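In our numbering, the protein residues as written are 4 to 1098.
What follows is the structure, given as structure tokens:
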């Protein structure tokens, strides 16, 4: 018995423990409840799509629950939708918790129905069930599986919005229509709308349909607008009738949309309503306003009509009557009729307004006081036609129509009637015909009583108050106004000058004051006209000046006998005399002042005599003498023009004409004008031979001719001082020593002795020795010759423009074979020696001792030769004879960009071509010392190039392909290769190179095999070399090696043999901190023989 008790007690304890562990928790726990799931986005893994969701869980149990893991299935009445897994969630007792997780979707009919419901109404109902694993309290080593039984929940969008909303309906072409809709994506997932289809309903009656079959992409939470193709039927008349009568009506669009959602085609139901309101309105732009008579105003307008707010439809206006208001006061009525309104807009329509006698003064006063009037249209009623049916409408809008003063077509013009001096000879009386044109208001018969005008002259900056005679606005009305100009007042004198000399004068009518008389009512006005008018003179004085004979008493000073023409076109002015003329002369482009205050020399004979007088319409030509001092810049400009042209264009400015009009003295400012002047005196010298001799002498054979002479002139002597064309400094005296021939059209072909003057006479001669065309001046030019068979002593000119064309050809080139590169704080210095080759081909002889020279260095950059540095020749050389090869030493410092060009070409090819330009040599030619500009020299640097070569090709691995047959077919499947590359610095300065990359080519055909690279930097001291070993080469094209596979049947093997390869590539070099590319091609290197067994 005792033994049985010992057995029963443990069993009871075990049952109690089991009850505590399993049954009590089962009674305390209940499964977690899902309140809602909200969509956040999606992601996909391969073919699986997951919805990213927010899940709201509720713990309905009386104790806290910790979910270790769980799996929940989601389904609806059609089947399974998807499943989600949850883990490590702590749910406090009777609390809600929102977690983020993913739902794996299962493609099915159930899923399509679920998505359709979700997108149609923003939510979808579903069921869920599953299991969760939770630990048993206090005994964590045991877990309990809790079943989640079938429960119902709601799946929601985070943002619930209507997918489709009606924006506007267009029915402008009868039954053909369009429905504009908005598409709003309520989800965080991109959608594609494939199709939209539906019907339009009013009060449950179908009035049309609207569809779209085009694909439209709708991004997440995005919005877009599209037009649906639509049609309407006869039932729309009921909708329109109610809309006009009740003033509003609701239209409904019922249908569906086919949407691609996560690669699932989903059909979404559409039920969208929109309220349409009756809203008659128009927006009118007035083109013109016309008074047919005092009580009828016709407004021609361009107008936009609308009768509904979001429903556009063509309609026909039978007749609409309206009431007209101005400033809140009723001034009349009006109507529009017989208008076919299509696409809302209609142009050039007439509003006929009947203005009452009481309302007319108010309308006119508003026009002339404000320059604009706002006519307000109210109380619209009448008949329109919609879809071939008549409808009576009434509307009470307040529609403003802005009518401006300009639409009345009022304009002013003016012309000079007369210009007469006052009796005291102190002023001019200018009488103007003021012309008013107002055909649009002539029907009003508006009379202006005691008009007064405020007129502003922008030319004289003066305002006049001018009274005028009474006048009536008609098509063309003339009233006279008088302006009195005091000639002793500088401002009014300027205005008088403009009246007399310019083709037109500009006035601005600021105001018109007075009293308007209309319909027996008188209205005071202050009319802000602000209209610009051009006054066309009836009288005009014009002056043109032409150059005649020119003499030159000194350098830059000319005396000119001018011819001038005075032209007077007049109906009233007589007795005009010109006393004096002053003006400025500019270059034709107006940028260079040639001469200032050019003045005619006055005539005196018991007082000042006029240059010319004229007493009737017509013109007179007269002569006068002027003295002109030309500016230094002007002289240079003329000489520059003389290099190319026989004539130059000049501009006459600031011309002042001192006149007497009826003995009334006036200073008139004439208009600027251009003239074309012959360059006189001017000669062209062609130098065909030039040499130096001791005693600061030079000798030249020249051909001299002038465009100013067309007759045969036999000269016996000619002397002149020569001046530099840039500095005007005198540098030589030239004397004719021998005449070779006199040719018609040329002054002389002969020989000149030239005595060089001053400290540095060589600088002006440099361009001649280089064979260039330059300009110089001759002064104190004198000549003796025979003209017409008689000996004559000729003073040619004190200032002579000379263009020198040199037929001298000297070639220079240099080769630098020994050089060194030195570092500096700015950029490297190149120091080298070589040979200068000089060949005098034509036109020059003499011994030139060059003590040194400076020059600019040019290199080609992006297609242009650009200066990149400066240098000097520090070796003395002497040029004798027509051919010379001279040893020279030169040094130059060039920019980093220039040195990069130098280094790239030197290291890549061993040859650099550049130019020395702007050469200025310090020379001695016999006893003449100075600076001599020389022509550009091409210089070639020759040296070794950087040596980059492949010395070994190593086959690391090779895989063969052998196919049956006799003999068998042998191919190389793959090959791994490395190369050993030597880099050698042959220079006497340090070179670094890095980032070497190269292509490997088969030597026989040049075909591409593969590619290799070596990125490490290699720094080489002078004459040092470096071998980079085992550089991998990626052989991607084995084809060219096939021809080198030889099959040896006797020995049962196939071998790759006798193949060679070379490399072509580029590296990044560095010399003294300046980096540049270096290109290289290696010599051909043998590929080692490698064999495989085939038998």
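C-beta: ideal position from N, C-alpha, C; glycine also.
Please read these numbers as outputs of a predicted model, since none were measured by experiment.
Residue range of the alpha helix (DSSP H) that includes residue i
i	result
residue 810	No alpha helix (DSSP H) contains residue 810, which DSSP labels as neither H nor E.
residue 265	Taken as a continuous stretch (DSSP letters only), residue 265 belongs to no alpha helix (DSSP H), as it is neither H nor E.
residue 246	239-249
residue 368	363-373
residue 119	112-124
8 Å Cβ cutoff, residue i in contact with chain B
i	result
residue 511	The chain inventory of the structure shown lacks chain B, comprising one protein chain alone.
DSSP-derived helix/strand/coil call for residue i
i	result
residue 609	In this prediction, residue 609 has a pLDDT of 46, which is less than 50 and means its spatial position is unreliable; nothing more can be read from the coordinates.
residue 604	coil
residue 448	coil
residue 904	helix
residue 520	strand
residue 667	strand
residue 459	strand
residue 929	coil
residue 409	helix
residue 556	Legend: pLDDT at residue 556 = 46, less than 50; position of this residue unreliable, value from coordinates given subsequently. Three-state DSSP puts residue 556 in a strand.
residue 255	strand
residue 350	strand
residue 713	Legend: pLDDT at residue 713 = 48, less than 50; position of this residue unreliable, no value from coordinates given.
residue 224	coil
Contacting residues, own chain, Cβ-Cβ under 6 Å from residue i (five flanking each side not counted)
i	result
residue 724	733, 736, 782 and 783
residue 614	581, 625 and 627
residue 25	For residue 25, the predicted structure reports a pLDDT of 46, less than 50, and the residue's modelled location is therefore unreliable. A value from the coordinates is still provided. Answer for residue 25: no residue qualifies.
residue 722	738 and 785
residue 1087	1006, 1063 and 1065
residue 857	875 and 923
residue 398	283 and 383
residue 88	74
residue 22	Note that residue 22 scores a pLDDT of 48, beneath 50, so its modelled location is shaky; the value from the coordinates is reported in the next line. No residues qualify anywhere along the chain.
The beta strand (DSSP E) enclosing residue i, as first and last residue numbers
i	result
residue 761	Here residue 761 belongs to no beta strand (DSSP E), and DSSP marks it neither H nor E.
residue 51	51-61
residue 977	972-987
residue 467	465-470
residue 300	299-311
residue 849	Element bounds for residue 849: n/a, residue is neither H nor E.
residue 74	68-79
residue 1072	1063-1074
residue 492	Note, residue 492: premise wrong, no beta strand (DSSP E); not H, not E.
Other residues of its chain near residue i: CB distance less than 8 Å, five sequence neighbours each side excluded
i	result
residue 168	184, 185, 187, 275 and 277
residue 975	961, 962, 963, 964, 1041, 1044, 1045, 1048 and 1059
residue 1077	830, 831, 899, 902, 903 and 906
residue 365	329, 330, 332 and 334
residue 1102	Since the first residue of the chain shown is 4 and the last is 1098, residue 1102 is not available in this structure.
residue 521	297, 363, 364, 367, 447, 448, 449 and 450
residue 491	429
residue 995	1020, 1021, 1022, 1023, 1072, 1073 and 1074
residue 356	299, 300, 301, 302, 327, 335, 336, 337 and 378
Proximal residues to residue i (C-beta, below 7 Å), its chain only, five neighbours per side dropped
i	result
residue 593	654
residue 225	188
Can at least three beta-carbon pairs, one atom from the stretch 751-771 and one from the stretch 689-708, be found at a separation below 8 Å? yes
Residue ranges of each beta strand (DSSP E) run of no fewer than 3 residues wholly in the stretch 1007-1043, ordered along the chain? 1011-1017, 1021-1023 and 1028-1038
Cβ contact check for the stretch 369-376 and the stretch 249-269: 3 or more pairs under 8 Å: no
Is the stretch 411-423 in contact with the stretch 306-318, if contact means three or more CB pairs nearer than 8 Å? no
Can at least three beta-carbon pairs, one atom from the stretch 91-100 and one from the stretch 59-67, be found at a separation below 8 Å? yes
Given 8 Å as the limit, is there contact between the stretch 313-326 and the stretch 337-349, that is, 3 or more CB pairs closer than that? yes
Would you check if there are 3 or more beta carbon pairs closer than 8 Å linking the stretch 846-866 to the stretch 909-929? yes
Can we say the stretch 194-208 touches the stretch 236-256, given the rule of at least three CB pairs closer than 8 Å? yes
With three or more beta-carbon pairs closer than 8 Å as the criterion, would you say the stretch 32-43 touches the stretch 149-159? yes
So does the stretch 1063-1083 actually touch the stretch 925-941, counting three or more Cβ pairs closer than 8 Å? no
Report yes or no: do the stretch 480-492 and the stretch 422-442 share at least 3 C-beta pairs separated by less than 8 Å? yes
Please give me, in chain order, every unbroken run of the beta strand (DSSP E) with length at least 3 that falls completely inside the stretch 371-395. 375-389
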